[in-house]
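Residue numbering for the sequence shown follows the working numbering, starting at 92 and increasing by one per position. Note that CB positions come from ideal geometry on N, CA and C, so glycine has one too.
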Amino acid sequence: MASNTANHDDSSINTPTDEPNSPVEAVNNNEQCENGSECTTVDDVLADSESYYNNAKKYWSNVSPTVDGMLGGFGSISFIDIRGSEQFLKHLYKQKPAPGRKRALDCGAGIGRISKNLLLPFFEQVDLVEQDEHFCQTARTELADFGSKLGTVFNNGLQNFVPEQGRYDIIWAQWVLGHLTDEDTVRFLDRCTNALARGGMIVMKENFTTGDVVDVDRTDSSVTRPLVQMKQLLKQANMRVVKEQRQTSFPKELYPVYMLALRPTIKK
Ligand SMILES: C[S@@+](CC[C@H](N)C(=O)[O-])C[C@H]1O[C@@H](n2cnc3c(N)ncnc32)[C@H](O)[C@@H]1O
Numbered sequence: 092m093a094s095n096t097a098n099h100d101d102s103s104i105n106t107p108t109d110e111p112n113s114p115v116e117a118v119n120n121n122e123q124c125e126n127g128s129e130c131t132t133v134d135d136v137l138a139d140s141e142s143y144y145n146n147a148k149k150y151w152s153n154v155s156p157t158v159d160g161m162l163g164g165f166g167s168i169s170f171i172d173i174r175g176s177e178q179f180l181k182h183l184y185k186q187k188p189a190p191g192r193k194r195a196l197d198c199g200a201g202i203g204r205i206s207k208n209l210l211l212p213f214f215e216q217v218d219l220v221e222q223d224e225h226f227c228q229t230a231r232t233e234l235a236d237f238g239s240k241l242g243t244v245f246n247n248g249l250q251n252f253v254p255e256q257g258r259y260d261i262i263w264a265q266w267v268l269g270h271l272t273d274e275d276t277v278r279f280l281d282r283c284t285n286a287l288a289r290g291g292m293i294v295m296k297e298n299f300t301t302g303d304v305v306d307v308d309r310t311d312s313s314v315t316r317p318l319v320q321m322k323q324l325l326k327q328a329n330m331r332v333v334k335e336q337r338q339t340s341f342p343k344e345l346y347p348v349y350m351l352a353l354r355p356t357i358k359k
């Protein structure tokens with residue numbers, strides 16, 4: 092996901108600037124589009140999904156394998172981010188049926204920042220999936236101290252990844268779904284549904300725009316969606332929101348970040 096700052100002026104398409112991009116993105120250097128059929132910019136950007144994914148791949152291959160790199164220069168918010176996630180995750184265990192604590196999957200894991208600080212201390216075993224080969228290597232090295240708690244680090248794009256059926260108690264996707272087209276987001280969530288163990292949940296933690304606007308970042312091939320649009324995609328994927336919370340204490344110039352815990356609407 093691109094520059095993490097958000098522009099609260101919903102009125103028009105924004106011209107991107109030369110500001111550095113950031114996943115923890117400021118509002119905004121990006122182009123904006125009304126959500127709906129009139130929006131040609133988003134359609135245009137996503138029309139050729141192969142180029143869309145290749146462009147993102149190229150972008151991330153030039154990013155340093157550090158926390159600051161993962162968070163587009165906002166590495167200092169990592170601690171607050173993890174603390175917010177930890178509280179959210181713990182609350183999920185009040186739900187019935189509660190998820191297990193055996194296995195988690197970290198999606199778009201980067202160098203394993205979330206696995207290291209949140210998932211590995213909490214679950215017996217954690218797998219990671221990440222499209223950038225060098226980030227995967229860094230994650231394997233960084234997380235080696237966890238021994239066999241570190242499961243498989245899959246080097247794959249989420250648009251192609253098929254998680255093993257019934258394997259995961261929690262599937263965590265953070266600051267990555269903006270890199271998927273709408274269609275691939277729905278398909279990925281659908282495959283994740285199959286990969287959940289009994290009581291399992293998917294957690295997404297993403298930037299969202301305010302209002303009806305989709306922000307497009309051509310530099311790293313990502314979109315920042317309105318929350319309402321994401322909820323439409325969840326409906327298409329037959330997922331329901333069981334808990335929703337906004338991350339607090341992030342710098343004001345960043346997009347609003349929400350955590351959504353999801354369960355399948357229908358049993359497969
Ligand atoms: C903003 S970073 C976030 C990393 C990690 N989730 C975190 O919060 O520290 C986005 C990550 O998503 C990865 N990514 C981008 N597109 C992806 C895709 N289609 N499939 C899997 N990972 C992807 C990037 O390589 C990068 O590591």
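- Look at the beta carbons and you see the region 169-189 touching the region 340-350: at least three pairs across the two are nearer than 8 Å.
- For the 8 Å CB-CB criterion, Pro190 and Leu196 do not form a contact.
- Here the C-alpha atom of Glu335 lies approximately 14 Å from the C-alpha atom of Pro317.
- The three-state secondary structure of Ile171, taken from DSSP, is helix.
- Residue state for Asp236 is assigned as helix, using DSSP reduced to three classes.
- Val305 has its alpha-carbon roughly 16 Å from the corresponding atom of Tyr143.
- Residue pairing by DSSP places Gln216 opposite Arg194 in a beta bridge.
- If you draw a straight line from the Cα of Lys148 to the Cα of Glu177, it is about 29 Å long.
- Distance from the CA atom of Leu234 to the CA atom of His270, rounded to whole angstroms, is 25 Å.
- In this structure Phe213 is in contact with Leu180, their Cβ atoms being roughly 7 Å apart against a cut-off of 8 Å.
- The beta carbons of Glu215 and Gly199 sit about 22 Å from each other, so the pair does not count as a contact at 8 Å.
- A distance of 8 Å or more separates the beta carbons of Arg204 and Val244.
- Sorting Asp281, Arg289, Ala264, Thr339 by C-alpha distance to the C-alpha of Met295 places Ala264 at the top.
- Taking the Cβ of Glu221 as the reference point, at least one heavy atom of ligand 1 falls within a distance shorter than 7 Å.
- Distances from the CB of Gly199 to the heavy atoms of ligand 1 include at least one below 7 Å.
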